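Just so you know, the sequence shown maps onto residues -20 to -1, 1 to 383 in mature numbering (1 follows the signal peptide of the UniProt record, and there is no 0). A short write-up of the structure that comes next.
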Amino acid sequence: MDKCLLLCFLLFSAYSYVSAHYYPPKNTLVSSVTKNTILPIFTFTLNTNEEYFIHIAGPYLVRSCNDGLPRPIIPCGSSTCALTRRVSPHQCPPPQNAIINGRCACQATAFEPFQRLCNSNQYTYGDFAMSSLNPRSPSFTFNNVKYLCIPKPFLGDFPPGVLGLAGLAPTALATWNQLTPPRLGLEKKFALCLPSDANKGAIFFGGGPYKLGNIDARSMLTYTKLIKNPRRLNNYFLGLKGISVNGKKILLAQNAFDFDGKGDGGVTLSSVIPFTTLRSDIYKVFIKAFSKATSDIPRVNSTTPLEFCLKSAEHFQVPRIDLKLADGKIWKVSPANSMKKVSDDVACLAFLNGGDAAAQAVVIGMHQMENTLLEFDVGRSAFGFSCSLGLVNASCGDFQTKP
């Protein structure tokens, strides 16, 4: 049995008795996560029934405001307004402030990643509520939460019921940061488990426990460092040193995953891109190694956007893909995360060629993150990841999301 799988199985088994033990009440905020069938997005709930798109590279909370009502003004010269400028999406021009009732009102900009549109509007504040795992306080309402108020047409392609975008970037104005005040004993971190099917997933703000059936899934996490990129403040970056196929490291330039002088390059994560995308120089070497390792499996025609497809059988086995991180930790990509089944007898490699001019060397996409517990411990600049939960006969839907 694979060493990583064995470790996951042992941890899962060793902590299976925990359900009979008492968990001290904690104020961890929680919501179920839904995989949308119209757009490739995941959403969670605020204010009891408002769905927000999970955007881990979004700098702040964005809410649709179509009622024409006046909203509180954040002054142009305030420190909050200055923060919006610092983390404004690099794809968009700087916003211009507006005069409302004779006062200079802060304006901020949002980037809608699917239509690739920019829109500026009033940056304001209001009340937001989120459920808690504490049975004594099953919900918390937070006052003066800052958010960008955007008219509905900007989010026109969003599915019905999705009211806005919850930015979870490593920024002061991010949703997770505003909803984890120290007075509630919450830590500066969030965790998510993106479901791979119609079942629900889970998102947690403020730390564990993350109750997965009978265990606290924190015991399943392996940690690596988060890397800072001063040119891309809204992204989480990982230090990656190599990629292996069936235990054999593919041969790449020594600096293949490094940042360049403009802040391009590096390895980041995305809740917008469906499949992991590799810059061309990396993809070509990777696909050659994967093709060689699957030479005994019949190839079939590609299925857009996936280029490398195989005929799958009942006992279909594909090469193991390992991401070797800078501190020696290994993120093992399970077959369920490396392949995308497109029909009963066809499965495609869920990695894409990002082209020669790709902004990042590697963007880890949603398919590779599904059915895996991921913790973004921003306070400690650490990133935690579990093995694929399917390997221990569990799924994201098994997480407790109610007190």
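For every residue, glycine included, the Cβ atom is placed at its ideal position computed from N, Cα and C. Quantities reported herein were computed from a predicted structural model and do not represent experimental measurements.
DSSP, reduced to helix, strand and coil, places Asp107 within a strand of the structure shown.
Beta-carbon to beta-carbon, Met110 and Ser11 are separated by about 6 Å, close enough to satisfy the 8 Å threshold. Taken through DSSP and simplified to helix, strand or coil, His35 comes out as strand. Per DSSP, reduced to three states, the secondary structure at Leu213 is coil, with no helix or strand assignment.
Of all C-beta pairs linking the region 230 to 246 to the region 206 to 222, three or more are shorter than 8 Å, placing the two stretches in contact. One alpha carbon belongs to Pro210, the other to Arg279, and they sit about 43 Å apart. Contact between Ser250 and Val343 is confirmed by a C-beta separation of about 5 Å, below the 8 Å threshold.
Rounded to the nearest whole angstrom, the CA to CA distance from Gly106 to Arg116 is 25 Å. Beyond the five residues adjoining it in sequence on each side, Pro118 comes within less than 7 Å, by CB distance, of Ser111, Ser112 and Pro383 in the same chain, given in chain order. Taking the Cα positions, Ser366 is about 52 Å away from Asn81. Per DSSP, reduced to three states, the secondary structure at Ala330 is coil, with no helix or strand assignment.
Counting only residues of its own chain and dropping the five nearest sequence neighbours on each side, Asn215 has a CB closer than 6 Å to the CB of Ala37 and Thr248.
Residue pairing by DSSP leaves Cys376 without any beta bridge partner.
Ranking Ile18, Gly48 and Cys173 by CA distance to the CA of Thr381 puts Cys173 first. For the pair Gly144 and Tyr32, the CB atoms are nearer than the 9 Å cut-off.
In the three-state reduction of the DSSP assignment, Ser368 falls in the coil class. For Thr64, no beta strand (DSSP E) run applies; the uninterrupted alpha helix (DSSP H) run containing it begins and ends at Ser59 to Arg66, by DSSP. Looking from the CA of Ile54, the closest CA among Ile34, Gly48 and Ala88 belongs to Ala88. In this structure, Gly187 sits near Leu166, with a CB-CB distance shorter than 9 Å.
Per the C-alpha coordinates, the member of Val67, Thr8, Ala146 and Pro74 positioned closest to Ala152 is Val67. The bridge partners DSSP lists for Met319 are Leu329.
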